[in-house]
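Read left to right, the sequence shown gives residues 0 to 443 (numbering that gives the first Met the number 0). As structure tokens, the structure follows; a few thoughts come after it.
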Amino acid sequence: MRGEASLSDVRTFTKTTRLQGEVRAPGELRAAAQALWLAAIADGESRFEHVPPEAAATLDILEGLGVSIKRNGDGHGIVTVQGNGLGGLEPSSQTIDLDVPQEAALPALAILSQQAFVSRVRIAPESREAAMQLLALLARTGAAGVEEAEFLLRLDGTESPGGVRHEESDLPGAVKLGLLTAGLFAEVPTVVRESPSSKDRVDALLKIRGVAVEGSRQADPTVRTMTLTPGAAPEALDMDIPGDVSRAMPFVVAGLSVPRSEVTVRRVMLRPENRVFVDIVRQIGAELEIADNDDGSVDLVLKASGRMKATRVAGKRAQSLLDHVALLAVLATQTEGEFIIRDVESLRQGEFDFIEHLADLLRAIEAKVGEYSYGLVIDGGRPLKGARIKTRRHPGLTQAFSVAGLLATGDMDIEDTACVDPVFPGFFDQLDALRSPRKKEKTT
Numbered sequence: 000m001r002g003e004a005s006l007s008d009v010r011t012f013t014k015t016t017r018l019q020g021e022v023r024a025p026g027e028l029r030a031a032a033q034a035l036w037l038a039a040i041a042d043g044e045s046r047f048e049h050v051p052p053e054a055a056a057t058l059d060i061l062e063g064l065g066v067s068i069k070r071n072g073d074g075h076g077i078v079t080v081q082g083n084g085l086g087g088l089e090p091s092s093q094t095i096d097l098d099v100p101q102e103a104a105l106p107a108l109a110i111l112s113q114q115a116f117v118s119r120v121r122i123a124p125e126s127r128e129a130a131m132q133l134l135a136l137l138a139r140t141g142a143a144g145v146e147e148a149e150f151l152l153r154l155d156g157t158e159s160p161g162g163v164r165h166e167e168s169d170l171p172g173a174v175k176l177g178l179l180t181a182g183l184f185a186e187v188p189t190v191v192r193e194s195p196s197s198k199d200r201v202d203a204l205l206k207i208r209g210v211a212v213e214g215s216r217q218a219d220p221t222v223r224t225m226t227l228t229p230g231a232a233p234e235a236l237d238m239d240i241p242g243d244v245s246r247a248m249p250f251v252v253a254g255l256s257v258p259r260s261e262v263t264v265r266r267v268m269l270r271p272e273n274r275v276f277v278d279i280v281r282q283i284g285a286e287l288e289i290a291d292n293d294d295g296s297v298d299l300v301l302k303a304s305g306r307m308k309a310t311r312v313a314g315k316r317a318q319s320l321l322d323h324v325a326l327l328a329v330l331a332t333q334t335e336g337e338f339i340i341r342d343v344e345s346l347r348q349g350e351f352d353f354i355e356h357l358a359d360l361l362r363a364i365e366a367k368v369g370e371y372s373y374g375l376v377i378d379g380g381r382p383l384k385g386a387r388i389k390t391r392r393h394p395g396l397t398q399a400f401s402v403a404g405l406l407a408t409g410d411m412d413i414e415d416t417a418c419v420d421p422v423f424p425g426f427f428d429q430l431d432a433l434r435s436p437r438k439k440e441k442t443t
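Pasting the structure below:
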């Protein structure tokens, strides 16, 4: 049973006049899991920074496969992996749960399929179709894999994997990466084809690790051919994992809402499937610049302009932002006009009615909000007032009202703030560092 928040778990936020500086978000799980699996079969020691908390499961799996890993518990996500080389993994006594994005799950599946031992692997439902497609193609290399039960695969492995020329040119990026990764274990080259217009460029992930992959359109200008020549394990490398843009959104809202703020979110991955919040922010007139980095990540450069227009978020856009509805609602309080958030009824199910509780909290800070069966309508542009916030140990609510506390008159006392630590270690430290020295939050 949950009792009252302890005094040590309550943070008090007060209105601030400016935010300035740079922040980082925890690493993206997709990028981290890819890097960790490739480090496991590399020659030498790889060191990573900003490995996200969710990657702990991947680290446990690799340790179960005989990989030596050192974890630094200082909150900066520093992990060191001693690679075992291509043939150095050991059989695991446990079912291997690849509950990571399929762009990371499929190269891991490819690595396991090329081992000389049997593995049992559980995959996420959204990865099943691509995983079965990959296994069907890898059967050409001599690797055998079957689905023993729903989402549970048995990989029989192979002692002499072969290289294959794959003629298909319309494969998903995750499948292409899986095929090239499997090619590392072959004795002859592996060829994978793709459309010249493809933006996947999965070969880049291997090239930076010294793998010989050559891209060419010479034989057929309508097809880009990637040829991987085996011969050595990937090289070990040190890598700063690019950030998860979804974790950076509280800083985005804060940087655009607190007057005179200038905030830069460094090195996040902005992909088609996770840029909806960023697109909405730009749509409402916020000043957000996207600066490309050489490694495929971007910097988000934010300036508070003071004029943001309300909009309507519904349908697929709303569904993709279910984890950020509270933050979106706080942003809505800073816009001009009626901001509509609908098609989020699913948030009423679960441990508590999230929409009802969010509406109550918004009213507590004197936002004008209408609650409907489908969601919320928020009339923005009104001054906010501090209140005591019961977050119900929900990280999204906690972060959203921490941002609201920077905008409200009076103290914003937020309970159960420790719930943020498992998903974003150091969040409050970074938020505090952006503030004026005289306006920092207090922990009681």
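Glycine included, C-beta positions come from ideal geometry on N, C-alpha and C.
Starting from Arg153, trace the beta strand (DSSP E) in both directions and tell me its first and last residue.
Stepping through the sequence shown from its first residue, residue 153 is reached at position 154. Element bounds for Arg153: Leu151 to Gly156.
Please classify Val187: is it buried, with 16 or more other beta-carbons within 10 angstroms of its beta-carbon, or exposed?
Reading the sequence shown from its first residue, position 188 is the one you call residue 187. Label assigned to Val187: exposed.
Leaving out five residues before and five after Ala185 in sequence, what residues of the same chain have Cβ atoms less than 6 Å from its Cβ?
Working through the sequence shown from its first residue, we reach residue 185 at position 186. Result list for Ala185: Pro160, Gly161, Gly162 and Pro229, in chain order.
My assumption, with CB atoms under 8 Å, is that Val324 sits in contact with Leu357. Please give the rounded CB distance.
The residue you call residue 324 lines up with position 325 of the sequence shown. The residue you call residue 357 lines up with position 358 of the sequence shown. So it is a contact: roughly 7 Å between Cβ atoms.
Rounded Cβ spacing between Val275 and Leu326 (contact assumed at less than 8 Å):
Your numbering for residue 275 matches position 276 in the sequence shown. Your numbering for residue 326 matches position 327 in the sequence shown. Going by Cβ atoms, the distance from Val275 to Leu326 rounds to 12 Å, so no, they are not a contact pair.
Arg259 to Arg216 span [Cα, whole Å]
As a working note, residue 259 is residue 260 in the sequence shown. As a working note, residue 216 is residue 217 in the sequence shown. In a straight line, the C-alpha of Arg259 is about 50 Å away from that of Arg216.
Can you check the region 315 to 370 for any beta strand (DSSP E) of at least 3 residues that lies completely inside it and give the ranges in chain order?
337 to 340
Between the Cα of Arg391 and the Cα atoms of Ala24, Leu170, Ser304 and Ile413, which residue gives the shortest distance?
Looking up residue 391 in the sequence shown gives position 392. For the residues Ala24, Leu170, Ser304 and Ile413, the minimum Cα distance to Arg391 belongs to Ile413.
Simplified DSSP state of Ala211, which is helix, strand or coil:
Position 212 of the sequence shown, counted from the start, is the residue given in the question as residue 211. Looking at Ala211 - three-state DSSP - the assignment turns out to be strand.
From Met268, Gly425 and Ile283, residue whose alpha carbon lies closest to that of Asn528
Missing from the structure shown is residue 528; the chain here goes from 0 to 443 and no further.
When you compare only the Cα positions, how much space is there between Thr397 and Leu361?
Locating residue 397 in the sequence shown gives position 398, counting from the first residue. Locating residue 361 in the sequence shown gives position 362, counting from the first residue. Using only the alpha carbons, I get a separation of about 13 Å.
Spatial neighbours of Ala386 within its chain, please: CB distance less than 6 Å, with the 5 preceding and 5 following residues excluded, ordered by chain position.
Within the sequence shown, numbered from 1, the residue matching residue 386 stands at position 387. So the list reads Ala363 and Ile364, once near-sequence residues are dropped.
Could you work out which residue in Glu272, Arg46, Glu102 and Gly369 is closest to Ile339 when comparing CA atoms only?
Start at 1 with the first residue of the sequence shown, and residue 339 comes out as number 340. For Ile339, the nearest C-alpha among the options comes from Gly369.
Exposure of Gly314, with buried meaning 16 or more beta-carbon neighbours within 10 Å
As a first step, residue 314 must be located in the sequence shown, where it is residue number 315. Its Cβ having fewer than 16 others within 10 Å, Gly314 is exposed.
By Cβ distance, which residues of its chain are closer than 7 Å to Val191, with the 5 residues on each side in sequence left out?
Mapped onto the sequence shown, residue 191 falls at position 192. Excluding sequence neighbours, Val191 sits near His165, Lys175, Leu178, Leu179 and Met225.
Own chain residues within Cβ distance below 7 Å of Ile354, not counting five before or after:
In the sequence shown, the residue the question calls residue 354 occupies position 355. So the qualifying residues of the chain are Val343, Leu346, Arg347, Glu370, Gly374 and Leu375.
Continuous beta strand (DSSP E) stretch holding Thr228: start and end
Here residue 228 refers to the residue found at position 229 of the sequence shown. Element bounds for Thr228: Arg223 to Thr228.
Do you know offhand how far Thr15's Cα is from Ala403's?
The sequence position of residue 15 within the sequence shown is 16, counting from 1. The sequence position of residue 403 within the sequence shown is 404, counting from 1. Each residue's Cα considered, the two are about 11 Å apart.
Rounding to the nearest angstrom, what Cα-Cα distance links Ala109 and Leu430 in this structure?
For the purposes of this step, residue 109 is taken as residue 110 along the sequence shown, with counting starting at 1. For the purposes of this step, residue 430 is taken as residue 431 along the sequence shown, with counting starting at 1. C-alpha separation (whole angstroms): 40 Å.
Using a Cβ-Cβ cutoff of less than 6 Å, which residues in the same chain neighbour Pro233 once the five nearest sequence positions on both sides are dropped?
Working through the sequence shown from its first residue, we reach residue 233 at position 234. Contacts found: Leu37, Ala41, Arg208 and Val210.
Cβ pair count under 8 Å reaching 3, the region 21 to 40 against the region 92 to 109:
yes
Work out the CA separation of His49 and Ser256 for me, nearest whole Å.
In the sequence shown, counting from the first residue as 1, residue 256 sits at position 257. In the sequence shown, counting from the first residue as 1, residue 49 sits at position 50. One C-alpha to the other measures close to 27 Å.
Could you pull the start and end residues of the beta strand (DSSP E) that Met238 belongs to?
For the purposes of this step, residue 238 is taken as residue 239 along the sequence shown, with counting starting at 1. Asp237 to Asp239 is the span of the beta strand (DSSP E), which, as asked, contains Met238.
If you reduce the DSSP assignment to three classes, tell me which class Gly72 lands in.
If you number the sequence shown from 1, residue 72 lands on position 73. Coil at Gly72, not helix or strand.
State yes or no: is the C-beta of Gly144 within less than 9 Å of the C-beta of Leu137?
In the sequence shown, residue 144 corresponds to position 145, counting from 1. In the sequence shown, residue 137 corresponds to position 138, counting from 1. Contact flag set, yes.
Give me the DSSP bridge partner(s) of Gly82.
Taking the sequence shown and counting its residues from 1, the one referred to as residue 82 is at position 83. Paired residues: Gly43.
Which of the three DSSP states, helix, strand or coil, is assigned to Met0?
Walking along the sequence shown from the start, residue 0 turns up at place 1. Since pLDDT at Met0 reaches only 28, below the 50 mark, its modelled position is unreliable, and the value read off the structure follows with that caveat. Met0 falls in the coil class under three-state DSSP.
Could you have a look at Thr416 and say whether DSSP puts it in helix, strand or coil?
Mapped onto the sequence shown, residue 416 falls at position 417. Thr416 falls in the helix class under three-state DSSP.
7 Å CB neighbourhood of Ala432 in its chain, flanking five on each side removed:
Counting from 1 along the sequence shown, the entry for residue 432 is found at position 433. Closer than 7 Å at Cβ, skipping near neighbours: Gly20.
Bounding residues of the beta strand (DSSP E) (the contiguous stretch that carries Leu299)
Counted from its first residue, the sequence shown places residue 299 at position 300. Taken as a continuous stretch (DSSP letters only), the beta strand (DSSP E) holding Leu299 covers Val297 to Lys302.
Excluding five sequence neighbours on each side, which residues of the same chain lie with their C-beta closer than 6 Å to the C-beta of Asp415?
Here residue 415 refers to the residue found at position 416 of the sequence shown. Contacts found: Ala4, Asp8, Thr390 and Arg392.
Could you work out which residue in Val80, Gly172 and Arg46 is closest to Pro106 when comparing CA atoms only?
Within the sequence shown, the letter at position 107 stands for residue 106. Ranking the options by Cα distance to Pro106, first place goes to Gly172.
Quick check on Gly467: does DSSP put it in helix, strand or coil?
Past the boundaries of the shown model lies residue 467; the chain is included only from 0 to 443, so the question cannot be answered.
Taking 9 Å as the cut-off, decide whether the C-beta atoms of Asn83 and Leu58 are in contact.
One-based indexing of the sequence shown puts residue 83 at position 84. One-based indexing of the sequence shown puts residue 58 at position 59. No, the Cβ-Cβ distance between Asn83 and Leu58 is not below 9 Å.
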